[in-house]
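Peer 1: Can you read through this structure? Questions will come right after.
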Ligand code: KIV
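Numbering (my numbering), first residue to last: -3 to 263.
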């Protein structure tokens, strides 16, 4: 049975942290589904799958295509689809229209959008319309260009208080969980202590109620160097490189396909 946003919300302060991974394509999603509580179809797919420089060029239709693929491939994890830049920030009504489109087309369990207090009215409207929302505060990838680069948050007491206010605002608006990205560790811990919905950290704190990483990062597929907060658990770059080299070598030596791979091979 698929986990629901309500199941995820109940995991606040649970002994076992929530496991969240990004997923974009069928074969990877099928494997990750065995291990994740939440699979996030993140707009990081702009860079990871499409080679874009940022998430800003990602469209709703791209998110929907990948959301559908991940839904088809999975049965267990709660599937959350990111709302891309330019599809929800103008007004709560715009956010609702876009989120309804994503939910209807993909059948996913929830959407995620970036922003704290400023996004609370949009989150509240989505929740009133039965669309579960995962919020995202701290370092916001969709705002990186406007802010002039990746800037770690929570470096001052004032900034920590602002982040806590953001977290409380998205909680009050009805978000079932919140991603905290790119903060000083103590800031993420303070936010986690201040709210009663689960926090999911990325470059944040082990005290968060869960952790998320971009799967291509922890699988060792994205080019080096990777961000400081990424732990690489596999070296798929070398696994794929080795397999492709072996395949190419056998073709060039006319060793593949050998008789076992042929239909009605001549004796
Ligand atoms: O788009 C994404 O992959 C994300 C995670 C990094 C949290 O938002």
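Here a beta-carbon is modelled for each residue, glycine too, at the ideal position from N, C-alpha and C.
What are the boundary residues of the beta strand (DSSP E) that residue 177 is part of?
Peer 2: First-last of the beta strand (DSSP E) with residue 177: 173 to 177.
Peer 1: Helix, strand or coil, according to DSSP, for residue 85 in the structure here?
Peer 2: Coil at residue 85, not helix or strand.
Peer 1: Taking the CB atoms as reference points, tell me whether residue 131 and residue 168 lie closer together than 8 Å.
Peer 2: The answer is no: Cβ separation not under 8 Å.
Peer 1: Once you ignore the five residues that flank residue 1 on each side, which residues in its own chain have a CB closer than 7 Å to its CB?
Peer 2: Counting only Cβ-Cβ distances below 7 Å, and skipping sequence neighbours, we find 74, 105, 106, 128 and 172.
Peer 1: How is the alpha helix (DSSP H) around residue 266 delimited, first residue to last?
Peer 2: Since the displayed the chain opens at -3 and closes at 263, residue 266 lies outside it and no answer follows.
Peer 1: Quick check: the region 33 to 48 against the region 58 to 75, are there 3 or more CB pairs under 8 Å?
Peer 2: Yes, the region 33 to 48 is in contact with the region 58 to 75.
Peer 1: If we count the other Cβ atoms within 10 Å of its Cβ and call it buried at 16 or more, is residue 124 buried or exposed?
Peer 2: Exposed, by the Cβ-count rule.
Peer 1: Leaving out the 5 sequence neighbours to the left and right, which residues in its chain are closer than 6 Å to residue 136 when beta-carbon positions are compared?
Peer 2: Contacts found: 110.
Peer 1: Indicate the three-state DSSP secondary structure (helix, strand or coil) for residue 256 in the structure shown.
Peer 2: Residue 256 falls in the helix class under three-state DSSP.
Peer 1: Would you list the residues whose beta-carbon is nearer than 7 Å to any heavy atom of ligand 1, in the order they occur in the chain?
Peer 2: Those residues are 18, 36, 38, 39, 40, 51, 78, 108, 132, 137, 175, 177, 198, 208 and 210, given in chain order.
Peer 1: If you draw a straight line from the alpha carbon of residue 218 to that of residue 149, how long is it in whole angstroms?
Peer 2: Using only the alpha carbons, I get a separation of about 24 Å.
Peer 1: The alpha helix (DSSP H) that contains residue 187, what's its start and end?
Peer 2: Per DSSP, residue 187 belongs to the alpha helix (DSSP H) from 181 to 190.
Peer 1: Candidates 156, 85, 139 and 141: which alpha carbon is nearest residue 121's?
Peer 2: Checking every option, the nearest Cα to that of residue 121 belongs to 85.
Peer 1: Using the beta-carbon count (16 or more within 10 Å), is residue 94 buried or exposed?
Peer 2: Buried, because 16 or more other Cβ atoms sit within 10 Å of the Cβ of residue 94.
Peer 1: Roughly how many angstroms separate the alpha carbons of residue -2 and residue 10, rounded to a whole number?
Peer 2: Using only the alpha carbons, I get a separation of about 19 Å.
Peer 1: Using a Cβ distance threshold of 8 Å, determine whether the region 54 to 73 contacts the region 229 to 249, with at least three qualifying pairs required.
Peer 2: They do not touch, by the three-pair rule.
Peer 1: Name the residue from 43, 143 and 176 whose alpha carbon lies nearest to the alpha carbon of residue 108.
Peer 2: Of 43, 143 and 176, the residue nearest in Cα terms is 176.
Peer 1: List the endpoints of the continuous beta strand (DSSP E) containing residue 198.
Peer 2: Looking at the DSSP string, the run of the beta strand (DSSP E) that includes residue 198 is 195 to 198.
Peer 1: Which residues bound the alpha helix (DSSP H) around residue 207?
Peer 2: Run containing residue 207: none in the alpha helix (DSSP H); it sits in the beta strand (DSSP E), 206 to 209.
Peer 1: Below 8 Å on the Cβ atoms is my contact criterion, and I expect residue 8 with residue 193 to pass it. Report the Cβ-Cβ distance as a whole number of Å.
Peer 2: Yes, they are in contact, since the Cβ atoms of residue 8 and residue 193 sit about 6 Å apart, within 8 Å.
Peer 1: Taking the continuous beta strand (DSSP E) assigned at residue 305, which residues delimit it?
Peer 2: There is no way to answer for residue 305, as the model of the chain reaches only from -3 to 263.
Peer 1: Along the chain, where does the alpha helix (DSSP H) containing residue 235 start, and where does it finish?
Peer 2: Where residue 235 is concerned, the enclosing alpha helix (DSSP H) stretches over 232 to 248.
Peer 1: Using DSSP with H/G/I as helix, E/B as strand and the rest coil, what is residue 106?
Peer 2: Three-state result, residue 106: strand.
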